[in-house]
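Worksheet: the structure to be examined is printed underneath.
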Amino acid sequence: MKHRPTRFRALILLGIVFALVAAACTSSDTPDDSGLITIVARCKAAPNVEDGRCNNLLRGVVAANAQLAADGDDRRVEVQIIQDNADWGDYRTEFELASSAGEAPDIIVSGHEDIGVWATSGIITDVTDLLGDYPEFDDVTPSLWASTELNGKRWGVPQDAEARPLYFRKDLLLELGWTQTEVDSLPANLASGAFTWEDMLDTAEAAVAAGVVDEGNGWWHRPVNGNDFLYYYYSAGGELLDDSGALIFDQAAALQVYELVGGAVDRGILSDTLLGTSWADWNSTVANGNVLFVFGGSWQWSDWAVNYVVDPDGEQYLFDNLGFGPIPALAAGTNEPTTLTHPLLYMVSSGSENPDLALMVISKATTKELNTEYALASGHLAILTSQADYEPYTSSVFLSEVGALLEFTTFVPNSPFFSAWSEGYFLGLSAVESGAATPAEAVQIVVDQLQNELGVDVIITGG
Amino acid sequence: MTQQIEEESEALASAAVGAPGPQRRPLGRRVRSTASAYGFMAPAVALVLTFFVAAGILLLILSFTDLQSANFNDAWTFIGFDNYERLFTDAFFPKIARNTVFYVFTTLIVFNLGLALVLALVTTSIPRRAGFFFRLVWLLPRLTPSVVYIMMWQRIGSADPFGIYNQIAPEFLGASGGNLYLGGSPWTFVVLTNGFIGASFGMIIFTSALESIPKDLLTAAKVDGADTWRIIRDIKIPMIKWPLLFIATYQTLSLLTSFEYILLLTQGGPGLFTTEVWALTSYKRAFASYAGNNQWAYGATWAVVLVAIALLLAVVYVKLFKFNELIEEPRIENL
Chain X
1 MKHRPTRFRA
11 LILLGIVFAL
21 VAAACTSSDT
31 PDDSGLITIV
41 ARCKAAPNVE
51 DGRCNNLLRG
61 VVAANAQLAA
71 DGDDRRVEVQ
81 IIQDNADWGD
91 YRTEFELASS
101 AGEAPDIIVS
111 GHEDIGVWAT
121 SGIITDVTDL
131 LGDYPEFDDV
141 TPSLWASTEL
151 NGKRWGVPQD
161 AEARPLYFRK
171 DLLLELGWTQ
181 TEVDSLPANL
191 ASGAFTWEDM
201 LDTAEAAVAA
211 GVVDEGNGWW
221 HRPVNGNDFL
231 YYYYSAGGEL
241 LDDSGALIFD
251 QAAALQVYEL
261 VGGAVDRGIL
271 SDTLLGTSWA
281 DWNSTVANGN
291 VLFVFGGSWQ
301 WSDWAVNYVV
311 DPDGEQYLFD
321 NLGFGPIPAL
331 AAGTNEPTTL
341 THPLLYMVSS
351 GSENPDLALM
361 VISKATTKEL
371 NTEYALASGH
381 LAILTSQADY
391 EPYTSSVFLS
401 EVGALLEFTT
411 FVPNSPFFSA
421 WSEGYFLGLS
431 AVESGAATPA
441 EAVQIVVDQL
451 QNELGVDVII
461 TGG
Chain W
1001 MTQQIEEESE
1011 ALASAAVGAP
1021 GPQRRPLGRR
1031 VRSTASAYGF
1041 MAPAVALVLT
1051 FFVAAGILLL
1061 ILSFTDLQSA
1071 NFNDAWTFIG
1081 FDNYERLFTD
1091 AFFPKIARNT
1101 VFYVFTTLIV
1111 FNLGLALVLA
1121 LVTTSIPRRA
1131 GFFFRLVWLL
1141 PRLTPSVVYI
1151 MMWQRIGSAD
1161 PFGIYNQIAP
1171 EFLGASGGNL
1181 YLGGSPWTFV
1191 VLTNGFIGAS
1201 FGMIIFTSAL
1211 ESIPKDLLTA
1221 AKVDGADTWR
1231 IIRDIKIPMI
1241 KWPLLFIATY
1251 QTLSLLTSFE
1261 YILLLTQGGP
1271 GLFTTEVWAL
1281 TSYKRAFASY
1291 AGNNQWAYGA
1301 TWAVVLVAIA
1311 LLLAVVYVKL
1321 FKFNELIEEP
1331 RIENL
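Protein chains in written order, with our numbering: chain X, 1 to 463; chain W, 1001 to 1335.
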């Protein structure tokens, strides 16, 4: 039997490798012979509850193609989604590296503060002049557009919004000796400022002393860094941006925050091991009623109902046992209740060859029907004015009540320097909570870090 | 073979006529005789040039720029030694350096050398099948995907009431036994997780070295009345000197640049950089930022300094352990 020459086989193998590499390098949104253009969308979404974030884009394809046909445009579009629940930091890095390599998805969903970095580095598209082509965007709640802006331009379209409430256990407060009337009136007292942050800590301390909750379970915040900690600083009277847009670190406000959390640890209200707890343990402990007061997010309500307390009775169990209101006023600070809203945006990559089609698909996902379905499943707030009287949305008791917290809302700044600020500020907080530094030492550590990291781009005040 | 005989004849002829040394061979012949050696080395050289030298040079250049997410698409701006100044004036630079030294040498001495040697000695002293089985068990951490492995440790070391250890230990050790958790004893967990993986590498190398010690040496020692400890100290350890020195060198450099288990386990915390090591800082500056704006150039600066330290250590080890003796030609051939 005669074998083919080895060289011939090697050439075939080489040809296959080249073909594979060439296929891998083919741009994803290059139209195929049928004129079908693929739009790739990347979303981070918690499974079971936030899937609509990318799925709504898929569902908008039919309407987008109908619109194209009606407009006499020969192009047709399909959407490919990449959706998982990656860590936020990894997710952002992935987009930056993909952009640099020319392989960014057409659409990315991320926090509005990312436009600070991404618009500055030019990896997302300025959509200011394109938005007018899509009437669906006229329905977006006007105040939300502010979160999409940097340097007077718009860099994305709001995808969702949320409130970050104080959750309290009704059953534990009753066990502590509160009357039903006192428990029922707590949301109103939080909103009026009658029940302050200091009152919350006193109540939590009493609950620990009475054995209603374990030591360290009087009050919990999130177990990792996040935007929640920013409203502590706001509550203490801290300013974040000066008129020129430079970041400010107010030492007096930070000191107050650090004394607040350090004091809570010293009093046995807050556990010194809370930071570093896994989200799974955190959610399980909170949802099953082992913590009296919790600073959380509206999206967690849905997560708990679907993934953590299904057996007790899902959302009904939560309504029976969990109340919520704004973050209490810090009497020693601004003395005003607060919360924080952190809209996610659909952004179009500057590497996209078809930004108009990407926006077309986004516009078809920005409808009251699709967004309401997403909001109900994920515990997020309406982003469209038409949802205010859309029965499926208004019939959600939770969303209607938690939406009222927007009266007290604050935002994260769109600044390319916020990341370093946030990490420095959190470093101080974690140092105090773990006992590695006193509040005063922590402030100095943060000042050193921020000056080392940001130099002239941070203004230190309140010394 | 013919060529070798010819060379030897030439050398003998030179010696016979009292020439000062072997004559230089013709260029063509010299090229032919060394070409195969270079050929064998070529793939390794290409890899080192591509993934170490070229990458190292790029890293060095990057460390003199201000590249970060916010200017990722701009042309590089060179800022001199600013990043280096920033690094050495960082308030936590001394702590991170101390952590790195502690982590590398504790893990190395206790586990990668110490435990590895004990395992190799024990598993070569018991019946062969049993020894094989126990070595396989010790290889499991290395065979387990790192994320799965660390998740197991997180479940073991979570604070009360979640941790497996804290649920089981009080049953056996009383109340005080239930006081070990990741947040409270982070270094214990960091060293254990890395050590259990690192020990298996040395164990395999030491086992093969111990197995290759001629049995008659050990028998002779026993006949002379040497006890087990004496055999280990005076025969086995001296006979595996080179593997020991190799593992010490290799694992020092490996630990110096390893950070993935610490990243997954503690993220360098808790509190103020408690378990943060140099390589982790480099990674975090360049690739991990909660709210965006990764500082590529500053991360590269940390990496450049780490590479310099590693190179320096490599030279020190080579000199200190006299590795040139290991690779020199056997003296018997020079006769």
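We put the beta carbon where it would ideally sit given N, CA and C, even for glycine.
Interface residues of chain X around Ser1158 (chain W) at Cβ under 8 Å? Counting from 1 along the second sequence, the entry for residue 1158 (chain W) is found at position 158. Per Cβ cutoff of 8 Å: Thr277, Ser278 and Asp281.
For my contact list, Ala382 (chain X) and Gly403 (chain X) are in at a C-beta cut-off of 8 Å; report their separation, rounded to the angstrom. Reading the first sequence from its first residue, position 382 is the one you call residue 382 (chain X). Reading the first sequence from its first residue, position 403 is the one you call residue 403 (chain X). So it is a contact: roughly 7 Å between Cβ atoms.
Three-way DSSP call (helix, strand, coil) for Lys1322 (chain W) in this model: In the second sequence, counting from the first residue as 1, residue 1322 (chain W) sits at position 322. Per DSSP, reduced to three states, the secondary structure at Lys1322 (chain W) is coil, with no helix or strand assignment.
What residue from X:Gln67, X:Arg75, X:Ser244 and X:Ser110 has the CA that sits closest to Tyr946 (chain W)'s CA? One cannot answer for residue 946 (chain W) here, as it falls past the ends of chain W, which runs 1001 to 1335.
If we count the other Cβ atoms within 10 Å of its Cβ and call it buried at 16 or more, is Ala1288 (chain W) buried or exposed? Here the question's residue 1288 (chain W) lines up with position 288 in the second sequence. Ala1288 (chain W) comes out buried.
Can you grab the Cα-Cα spacing for the pair Tyr1298 (chain W) / Gly216 (chain X), in whole Å? Taking the first residue of the second sequence as 1, we reach residue 1298 (chain W) at position 298. Taking the first residue of the first sequence as 1, we reach residue 216 (chain X) at position 216. Cα-Cα distance, rounded: 38 Å.
With a CB to CB cut of under 6 Å and the five nearest residues on each side skipped, what residues in its chain are close to Leu1264 (chain W)? Along the second sequence, one-based indexing puts residue 1264 (chain W) at 264. Once the five neighbours on either side are set aside, the close Cβ partners of Leu1264 (chain W) are Ile1150.
So, are the CB atoms of Gly276 (chain X) and Gly1269 (chain W) less than 8 Å apart? On the first sequence, position 276 is the one that residue 276 (chain X) refers to. On the second sequence, position 269 is the one that residue 1269 (chain W) refers to. Taking 8 Å as the Cβ cut-off, Gly276 (chain X) and Gly1269 (chain W) qualify as a contacting pair.
Ile123 (chain X) - DSSP class collapsed to helix/strand/coil: In the first sequence, the residue the question calls residue 123 (chain X) occupies position 123. Coil, per DSSP.
Which chain X residues are close to Tyr1261 (chain W), counting only those with a beta carbon under 7 Å from its beta carbon? Locating residue 1261 (chain W) in the second sequence gives position 261, counting from the first residue. The premise fails here: Tyr1261 (chain W) is roughly 15 Å from chain X at the closest Cβ pair, so nothing lies under 7 Å.
Members of the segment 1089-1115 of chain W near chain X, C-beta cut-off 9 Å: Residues Thr1089, Asp1090, Ala1091 and Phe1092.
Short check: CB of Ile1232 (chain W) to CB of Leu1320 (chain W), under 8 Å? Sequence index remark: in the second sequence, residue 1232 (chain W) carries index 232 (1-based). Sequence index remark: in the second sequence, residue 1320 (chain W) carries index 320 (1-based). The answer is no: Cβ separation not under 8 Å.
Output the boundary residues of the alpha helix (DSSP H) element that contains Gly1039 (chain W). As a position in the second sequence, residue 1039 (chain W) is number 39, starting the count at 1. Looking at the DSSP string, the run of the alpha helix (DSSP H) that includes Gly1039 (chain W) is Leu1027 to Val1048.
What does Asn1166 (chain W) touch in chain X if you count any residue whose Cβ is under 9 Å from its own? Here residue 1166 (chain W) is taken as the residue at index 166 of the second sequence, counted from 1. Contact annotation for Asn1166 (chain W) against chain X: no contact, minimum CB-CB distance about 11 Å [criterion: below 9 Å].
Given that Pro343 (chain X) touches chain W, what residues does it touch there, using C-beta distances under 7 Å? To locate residue 343 (chain X), count along the first sequence from 1; it is residue 343. By Cβ distance, chain W contributes nothing, its closest Cβ being about 15 Å from Pro343 (chain X), past 7 Å.
Could you spell out the range, first to last residue, of the beta strand (DSSP E) harbouring Glu215 (chain X)? Here residue 215 (chain X) is taken as the residue at index 215 of the first sequence, counted from 1. For Glu215 (chain X), no beta strand (DSSP E) encloses it, and the DSSP letter there is neither H nor E.
Are Asp272 (chain X) and Gly435 (chain X) close, meaning C-beta to C-beta below 8 Å? Position 272 of the first sequence, counting from 1, holds the residue named residue 272 (chain X). Position 435 of the first sequence, counting from 1, holds the residue named residue 435 (chain X). For Asp272 (chain X) and Gly435 (chain X), yes; Cβs fall inside 8 Å.
Around the C-beta of Glu96 (chain X), are 16 or more other C-beta atoms found within 10 angstroms, so that it is buried, or is it exposed? Your numbering for residue 96 (chain X) matches position 96 in the first sequence. Its Cβ being crowded by 16 or more others within 10 Å, Glu96 (chain X) is buried.
Using beta-carbon positions only, say whether Gly1157 (chain W) and Phe1189 (chain W) come within less than 8 Å of one another. Within the second sequence, the letter at position 157 stands for residue 1157 (chain W). Within the second sequence, the letter at position 189 stands for residue 1189 (chain W). Yes, the pair counts as a contact, with Cβ atoms nearer than the cut-off.
Ignore the nearest five residues each way along the sequence and tell me which others in Ala1016 (chain W)'s own chain have a CB closer than 7 Å to its CB. Translated into the one-based positions of the second sequence, residue 1016 (chain W) becomes position 16. Since pLDDT at Ala1016 (chain W) reaches only 43, below the 50 mark, its modelled position is unreliable, and no value is offered.
The alpha helix (DSSP H) with Val1191 (chain W) in it runs from where to where? For the purposes of this step, residue 1191 (chain W) is taken as the residue at position 191 of the second sequence. In the DSSP assignment, Val1191 (chain W) falls within the unbroken alpha helix (DSSP H) covering Pro1186 to Glu1211.
Check the Cβ of Trp88 (chain X) against every Cβ in chain W and list those closer than 7 Å, keeping chain order. The residue you call residue 88 (chain X) lines up with position 88 of the first sequence. Under a criterion of Cβ atoms nearer than 7 Å, the residues of chain W adjacent to Trp88 (chain X) are, in order, Tyr1290.
Which two residues bound the contiguous alpha helix (DSSP H) that contains Ala41 (chain X)? The count along the first sequence starts at 1 and reaches residue 41 (chain X) at position 41. DSSP places Ala41 (chain X) in no alpha helix (DSSP H) but in the uninterrupted beta strand (DSSP E) bounded by Leu36 to Lys44.
Mind listing, in chain order, the continuous alpha helix (DSSP H) runs of no fewer than 4 residues lying wholly within the segment 376-428 of chain X? If we require 4 residues or more, the alpha helix (DSSP H) runs fully inside the segment 376-428 of chain X come out as 391-394 and 397-403.
Is the Cβ of Leu999 (chain W) closer than 8 Å to any Cβ of chain X? Outside the shown range of chain W, which is 1001 to 1335, sits residue 999 (chain W), and nothing can be said about it.
Hey, does Gly1183 (chain W) have any beta-carbon neighbour from chain X nearer than 8 Å? Here residue 1183 (chain W) corresponds to residue number 183 of the second sequence, with the count starting at 1. Yes, its Cβ sits closer than 8 Å to a Cβ of chain X.
Excluding five sequence neighbours on each side, which residues of the same chain lie with their C-beta closer than 7 Å to the C-beta of Gln449 (chain X)? As a first step, residue 449 (chain X) is located in the first sequence; it is residue number 449 there, counting from the start. Excluding positions up to five away in sequence, the list reads Gly424 and Leu427.
CB contact below 8 Å: Ser1063 (chain W) versus chain X: Position 63 of the second sequence, counted from the start, is the residue given in the question as residue 1063 (chain W). Cβ-Cβ to chain X under 8 Å: no for Ser1063 (chain W).
Evaluate the contact criterion for the segment 322-334 of chain X versus the segment 185-204 of chain X: three or more CB pairs, one atom per stretch, below 8 Å. Enough Cβ pairs lie closer than 8 Å, so yes.
One question on the structure: do Trp299 (chain X) and Asn283 (chain X) come within less than 8 Å of each other, judged by their Cβ atoms? The count along the first sequence starts at 1 and reaches residue 299 (chain X) at position 299. The count along the first sequence starts at 1 and reaches residue 283 (chain X) at position 283. In this structure, Asn283 (chain X) does not lie closer than 8 Å to Trp299 (chain X) by Cβ.
Per DSSP, Thr1275 (chain W) is paired with what? Within the second sequence, residue 1275 (chain W) is the residue found at index 275, counting from 1. Thr1275 (chain W) has no beta-bridge partner at all, per DSSP.
Test: Pro1145 (chain W) CB closer than 8 Å to a CB of chain X: Taking the second sequence and counting its residues from 1, the one referred to as residue 1145 (chain W) is at position 145. It does not; no Cβ of chain X falls within 8 Å.
Give the single residue among X:Pro158, X:Ser147 and X:Gly152 whose Cα lies nearest to the Cα of Leu345 (chain X). If you number the first sequence from 1, residue 345 (chain X) lands on position 345. Of the candidates X:Pro158, X:Ser147 and X:Gly152, the one whose C-alpha sits nearest the C-alpha of Leu345 (chain X) is X:Pro158.
For chain W, find out if any of its Cβ atoms is closer than 8 Å to the Cβ of Ile107 (chain X); answer yes or no. Counting from one through the first sequence, the residue named residue 107 (chain X) turns up at place 107. So no, Ile107 (chain X) is outside the interface.
Which residues in chain W have a C-beta closer than 7 Å to the C-beta of Pro416 (chain X)? List them in chain order. For this step, residue 416 (chain X) is matched to residue 416 along the first sequence. Those within 7 Å of Pro416 (chain X) in chain W are Ala1070 and Asn1293.
By the 10 Å Cβ neighbour count, where 16 or more other Cβ atoms means buried, how is Val1315 (chain W) classified, buried or exposed? Taking the first residue of the second sequence as position 1, residue 1315 (chain W) is located at position 315. Exposed, because fewer than 16 other Cβ atoms sit within 10 Å of the Cβ of Val1315 (chain W).
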